Structure formats: C-alpha cells, structure tokens
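Protein chains in written order, with my numbering: chain A, 1 to 343; chain B, 1 to 343.
C-beta atoms are modelled at their ideal positions from N, C-alpha and C, and glycine is treated no differently.
All of these numbers come straight from a predicted model, not from anything done at the bench.
Notes follow the structure.
Protein chains: 2
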Amino acid sequence: MKQKIALLGFGTVGQGICEILLNKKEYLKEKYNYEFEFVAVADFAFGSVYNPNGLNIPAMLEEAKAKKKFTRDLTTLDNVSLITKCNADVVCELTYTDLDTGGPAIEHCKAALESKKHIVTSNKGPAALRYPEMKALADKKGVKFMIEGTVVAGTPIINLVEGPLAGCEISKIRGILNGTTNYMLSEMEKGMGYDEVLKVAQDLGYAEANPAGDVEGYDARGKVTILANIVMGASMKINEVPCRGITKITSEDIQKAKDTNARWKLIGTVENKDGEITGSVSPEMIDLSHPLAGVMGATNALTFTTDLLGDVTIVGPGAGRIETGFSILTDLLQIHNSSCNCK
Amino acid sequence: MKQKIALLGFGTVGQGICEILLNKKEYLKEKYNYEFEFVAVADFAFGSVYNPNGLNIPAMLEEAKAKKKFTRDLTTLDNVSLITKCNADVVCELTYTDLDTGGPAIEHCKAALESKKHIVTSNKGPAALRYPEMKALADKKGVKFMIEGTVVAGTPIINLVEGPLAGCEISKIRGILNGTTNYMLSEMEKGMGYDEVLKVAQDLGYAEANPAGDVEGYDARGKVTILANIVMGASMKINEVPCRGITKITSEDIQKAKDTNARWKLIGTVENKDGEITGSVSPEMIDLSHPLAGVMGATNALTFTTDLLGDVTIVGPGAGRIETGFSILTDLLQIHNSSCNCK
C-alpha cells in the first residue's frame, strides 16, 4: 500500500525530500517494497494544495523553482485543518522553528498526532521543547513521532540508539555536534587566527553573518537538550544547559594542545550519573587517541558510552539539503517497515 | 506477550545472553515492554531440555558453571526435532561453525525457518555460505533471519545498514574487521617487532596458538564475504576473495608510514562498481586524516560510502562474550519491535 504523505513546508528541505523520493522511486520499491504518494502540501510562499488521489509533484517542483505559486489542486484549508482532514498517513513537518515558543510546528504536530497521523520532522522546536508530551500523544494514538532530522541530520543518531543499540543502557554521550565550529578549529590548526578563520567560514556559507548560533555553542546546546530528553529521558530546558563556545580559543591554545598530543574540539556532553542527567557545551582538549579527535572539517561525531559495549562512535555529515532529506527518508522507511506487517 | 526462546548451544555466548537477559529483565520490560521465556536449550556437553512453560535458567547456569549436565526438563529429541516441535518464537543458533560445510548450523536454521520460527545467530556458517537461501526462506515463512552477531558483534553494523541507513545506496565498505591484528599493528607502532607483538597478543588471549585465522586475514575475509552478500546482495564465495594478512609488515614499514603521516591498518574492502561487486583484504597505509586511522587497539570500525551522505563511519568493540551477547539481545529486540503491533 502506498504511503500517503502531507508536506508542511516546501522550502529547501521539502523540495529536497521530494527530489530524493522521485529519484529513488524504483530503488525504494524494489529494495523495501516502499511506495509513496504526496497528497497535501502547504507552504507559506507557494500556497496550499490537496488531492486525496495524489499531487503532481514534478510540476510543483518546477513552479517552486520558477518562484511561482502552485496552480493545481488548490485548497483554502488552513494548515491545522488540512492536516486534520487530509487522508495522509504521515505528516512531514518542515516549517520554520521558533525555539522560544516552538510554534507553529508544535500545533502542526499535535494536529497530526491527534488525527492518528505519523509525524516526521526535522524541526527542532517540538523535539527540544515538548518531546515527552509529543511522544506520549503519539504512543496513545498508535502512531510514530520521528525526529532523526533534528540532531545531526546526516548521521542517523536517534534511530541508531532506538534500533541497533537497543538493549544498551547509555550513561554518557559526547559529541562534535556543530560542523561550522569543527571546521574553524580544524583550520586554526593549520595556522589561521580566530577572526581570519571566521571570515573564511562565513565566505564559504558555513557560518552566518551573525555567527553567534555556531561560535557561542547555542546550536550545539539545542542538540544536547534534544539528546538528553530523548535518549536519556530527561526534562532538560535549553536555557539551563551551561554553554561556552569557541570565541576565546587562541592560536596559543591550539599550539598548547598540539604540544600535548591533543586537539581542541567543541564538545557537547550529556551524562547520566545515578539518574541525575546533566548537559553542557564547551571546548575541550581531546587526546589524539580518542576517535573524536580525528574528526576534522565540517563533520559531526558522537560517542555513546554504554553498559554492554563500552564506547561506540559514529562519524558522519551534519545537516544540509540532501542530508536532511535523507533523515526524512529514513524516518519514512522506519514507519513503513514498522507498520507493513500490521495493516 | 512473552517472547519464547530456544537456545542451540549453551557455551560462552549462550550462557552470556542468558545472564544479560536475566540482569536486564526489569529494564527491558520497562523500556521496551519486552518479556522473554526460555523454553528449550540444546547443548552438546550439557544435554537437551524442553519445557513449553519455561525453563529454570538460573539453575541451569549453576549446573553449567559446575560443569554438570542438566537435571531438569530433559528431552530425548534431537536438535532438529526439538527446533521443529518446540513452542519457541525465536531460535538462537549459537553452536559451532564449520566454515567449509556450514553444518550443523545450516540444518538448525532451516528447521527453524521451515517451522516459522525467527532465527538469531552469531554463527558465521549460515550467513557466509547460504545467506540468499536463508533470507528467501525467512521471507517466505514471514519470519526474520537476524545475524548482527556474525560480523563485528559488538558494533551494530548489519542493523545500522538495514535500519537507520535505509534509503542510502552503499557503494563501498572499508573497515578494520579484526581486532587482534589492529592491536598488533598499534603495538608495533610503539616499537615492538612482529614476532614479539604476536607473542604478547597470544599471551593476552587476543591471538590463538595458531594465529593464522587472524594474521593471515582469514577472519576478516569471512566478514568481507558476509558484508558483500548481505549489504550488497553479492553471491561472493569466501575462497574467491583476495586476501593478504599482516605477516610481512616490518618495523621499517611502520616507520615509513609514520614518516608520511599515515598508519598501517588491515583493511577489508567491499566495493560495488556499476553492479560488479568485489571484495579484498590487505594491509593499507591509511592517511591520518581518515577516521579509520585513529582506530587503535582491539577495536573495529567500518566506513560506509553512500550516495546521500558520503562517508559514515562507526567505531566500536569486536566480538567477546558480552559483545556477542549484546548482538543476540539487539536482534531479539528488533524482532520484538517489528512484531509487537501485529500479534
């Protein structure tokens, strides 16, 4: 049976997942017996459309690329009504994030779960601010709340912990959660000073004009909070997490680390000590013998400390158009695989 | 509903998984709503037992530790009859491996799948020699053929590819698949010669008295074959894989690598070039900027090259009593999670 998808947000990520699914259509059918149909799309810029029998996505991608509004299957339903009334099995929530209120993504997620539709989201809001509530609602309604894309989208961390690492109790997570700062620290090792390397990172599009989100550690802090709440079951608030960025790291610090066979990394940590769960973000000198020390450039990595296996580390790309698209795809497949025997 | 388990083999791994399940009983119930019952055990040394209402595993563990035969719930059924007639949902195949014939594990797996019981095995035989046949039979009977423990048991590779990385097409796998040789190469870097470090590895129990399986690369070759056949869908035969071990690596080679910012690793490779799948095992100089270069000691690691994410690397422990026990546990949980909504 075809998985029917509603898409909230048709920006970079929304268009990206459409392209990935269209490109991989035959592969996904052959390998996973997975077939899909988009039935609803709502976007602030392009308009809202609904067709219970399936939308013409290639035509919509062309319209979006030409910056034109949608012309087919238009609907006047507002987002929440569309989510509630459409015949989708899964709602992909890919709108913007207000990390103070979580809106409007939280309303979208609630509407979807209430009407027994699975949620797949790369939106940090609902996961960082309301994970326990969303998860409980999803469980109650017998659907899934899938959030692989919210933390290091290009490296499947959440699904790794929930699936292949299931059975292990995780006592600590330490990771390089922000590719921009890891790129900057890698370049500083080659001789550039902080201000110079920040300029290069901005020119390359890694860092924004206002770089605080990356260099002050705020982006990593959001991910630490999500990991603490999801993987450890904490009720951590984002603003309670101690956070120090890389702005004070000097060329002398870089040299000092080199001299002691170590390397500076901006490390996000979540730790469970006898049930007390703490989180933090700060630069640390990591010994070169640790797997995290070798992670260079705009790459992300996490080490899980477990009871049965000791340390398990995963290294991969962070977020990006294709990477975040992947995270949506893998969650759609998880939903497909977990329900295919039941329906 | 309790998952009913039959255990073929009550040696190190069989006893290990029993202890892990007993120790984690409450955690598994709370976290995954997972409950289990052992209903049958067959072991060459301790005898065969069957009780459809559940065995007294703590008592059996005590008997095994005292090297006594089982005394309760004895049965005269041979292994295949026991597998076929017992009321287990899952058969854990943990007997020995004959890598030439695959017996007797292949017969056990076939009997289980034919009678619609899931298989969980850490036994390389069925996976390396008959994967396509076993998988097809499992699919036909609507049950699972789970083999996480056959390759790098302590690092969840198979389930990572099948689950969290689903949707990615994998064109290449390169990995450190043998902890013993990785330990030896790591130690040689500190100054020991090959013969000296082999002696140390044998004293530590990493290498066997006849070390060929490790140092000639045969163990890694078995894993390359399994990965090729499972992950890439190849029909590779173990003896067709070109294989060179570490026996010819000299202290001079080690120094030469150091001088070029590289490090020797015994690398297993599987590659899919336009549908032609090849495998090999040989020592390679890996640049220190690659995640595999930093993997030291008796640790394993694999890098998957994918279409959507580029390289994703996972680093963790290899096989061992607890690690292989983990691989069985995680497969039991995968079966539980994939079937809990259906029954």
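What are the partner residues of residue i, as DSSP defines its beta bridges?
i: cysteine 243(B); result: Val281(B)
i: glycine 310(A); result: Thr306(A)
i: glycine 47(B); result: Asp43(B)
i: proline 317(A); result: Thr299(A)
i: glutamate 276(B); result: Lys273(B)
i: tyrosine 146(A); result: Note that residue 146(A) is methionine in the sequence shown, not tyrosine. Methionine 146(A) pairs with Val120(A).
Note the first and the last residue of the continuous beta strand (DSSP E) segment covering residue i.
i: proline 52(B); result: Here proline 52(B) belongs to no beta strand (DSSP E), and DSSP marks it neither H nor E.
i: glycine 268(A); result: 262-273
i: arginine 174(B); result: 170-176
i: alanine 207(B); result: Here alanine 207(B) belongs to no beta strand (DSSP E), and DSSP marks it neither H nor E.
i: cysteine 92(B); result: 90-93
i: glutamate 350(A); result: No answer is possible for residue 350(A): the residues shown for chain A start at 1 and end at 343.
i: alanine 6(A); result: 3-8
Residue i lies in the alpha helix (DSSP H); which residues open and close that run?
i: asparagine 182(B); result: 179-189
i: cysteine 109(B); result: 105-114
i: threonine 84(A); result: 79-85
i: valine 13(A); result: 12-23
i: isoleucine 119(B); result: Per DSSP, isoleucine 119(B) belongs to no alpha helix (DSSP H); it is in the beta strand (DSSP E), 118-121.
i: methionine 344(A); result: For residue 344(A) there is no data in the structure shown, the boundaries of chain A being 1 and 343.
i: methionine 134(B); result: 124-141
Alpha carbon to alpha carbon, how far is residue j from residue i? Give it in angstroms, no decimals.
i: glutamate 133(A); j: glycine 233(A); result: 12 Å
i: cysteine 340(A); j: proline 52(B); result: In this predicted model, cysteine 340(A) has a pLDDT of only 44, less than 50, meaning its place in the structure is not dependable; the value taken from the coordinates is given anyway. Going from the Cα of cysteine 340(A) to the Cα of proline 52(B) covers about 30 Å.
i: cysteine 342(A); j: tyrosine 32(A); result: In this predicted model, cysteine 342(A) has a pLDDT of only 39, less than 50, meaning its place in the structure is not dependable enough to derive any value.
i: methionine 146(A); j: threonine 121(A); result: 6 Å
i: valine 197(A); j: isoleucine 246(A); result: 12 Å
i: valine 143(B); j: glycine 9(B); result: 21 Å
i: glycine 11(B); j: asparagine 123(B); result: 13 Å
i: threonine 371(B); j: alanine 127(B); result: This structure does not reach residue 371(B), given that chain B is present from 1 up to 343, and the question cannot be answered.
i: valine 13(B); j: glutamate 208(A); result: 52 Å
i: valine 80(A); j: arginine 263(A); result: 48 Å
i: valine 292(B); j: isoleucine 230(B); result: The residue asked about is misnamed: residue 292(B) is leucine in this sequence, not valine. So the two alpha carbons sit approximately 22 Å from each other.
i: asparagine 272(A); j: lysine 172(A); result: 6 Å
i: glutamate 162(B); j: isoleucine 226(B); result: 14 Å
i: glycine 191(A); j: threonine 97(A); result: 36 Å
i: serine 289(A); j: methionine 296(B); result: 7 Å
i: alanine 42(B); j: tyrosine 50(A); result: 59 Å
i: serine 186(B); j: tyrosine 194(B); result: 11 Å
i: aspartate 311(A); j: glycine 316(B); result: 6 Å
i: isoleucine 17(A); j: lysine 258(B); result: 44 Å
Helix, strand or coil for residue i per DSSP?
i: aspartate 219(A); result: helix
i: leucine 333(A); result: helix
i: isoleucine 157(B); result: helix
i: phenylalanine 345(A); result: Because chain A spans 1 through 343 in this model, residue 345(A) falls outside it and cannot be assessed.
i: threonine 225(A); result: helix
i: leucine 74(B); result: strand
i: methionine 232(A); result: coil
i: proline 164(A); result: coil
i: aspartate 253(A); result: helix
i: aspartate 195(A); result: helix
i: aspartate 287(B); result: strand
i: cysteine 342(A); result: Note that cysteine 342(A) has pLDDT 39, beneath the 50 cutoff, so the model's placement of it is unreliable and the number below is only indicative. If DSSP states are grouped into helix, strand and coil, cysteine 342(A) belongs with coil.
i: aspartate 100(A); result: coil
i: valine 152(B); result: coil
i: alanine 66(B); result: coil
i: lysine 237(A); result: coil
i: lysine 248(B); result: coil
### Query
Given 8 Å as the limit, is there contact between the segment 197-207 of chain A and the segment 304-323 of chain A, that is, 3 or more CB pairs closer than that?
The answer is no - the segment 304-323 of chain A does not touch the segment 197-207 of chain A, with fewer than three Cβ pairs under 8 Å.
### Query
How do the segment 300-320 of chain A and the segment 87-100 of chain A stand: do at least 3 beta-carbon pairs fall below 8 Å, yes or no?
Because the criterion of three Cβ pairs below 8 Å is not met, the segment 300-320 of chain A and the segment 87-100 of chain A do not touch.
### Task
Examine the Cβ distances between the segment 328-337 of chain B and the segment 100-110 of chain B and report whether three or more of them are shorter than 8 Å.
The answer is no - the segment 100-110 of chain B does not touch the segment 328-337 of chain B, with fewer than three Cβ pairs under 8 Å.
### Query
Between the segment 323-334 of chain B and the segment 159-177 of chain A, do three or more beta carbon pairs fall short of 8 Å?
The answer is yes - the segment 159-177 of chain A touches the segment 323-334 of chain B, with three or more Cβ pairs under 8 Å.
### Message
Does the structure place the segment 58-67 of chain A close enough to the segment 12-29 of chain A that three or more beta carbon pairs sit under 8 Å?
### Response
Touching, per the Cβ criterion.
### Query
If you pair each beta-carbon of the segment 209-221 of chain B with each one of the segment 251-261 of chain B, do three or more pairs fall below 8 Å?
The segment 209-221 of chain B is not in contact with the segment 251-261 of chain B.
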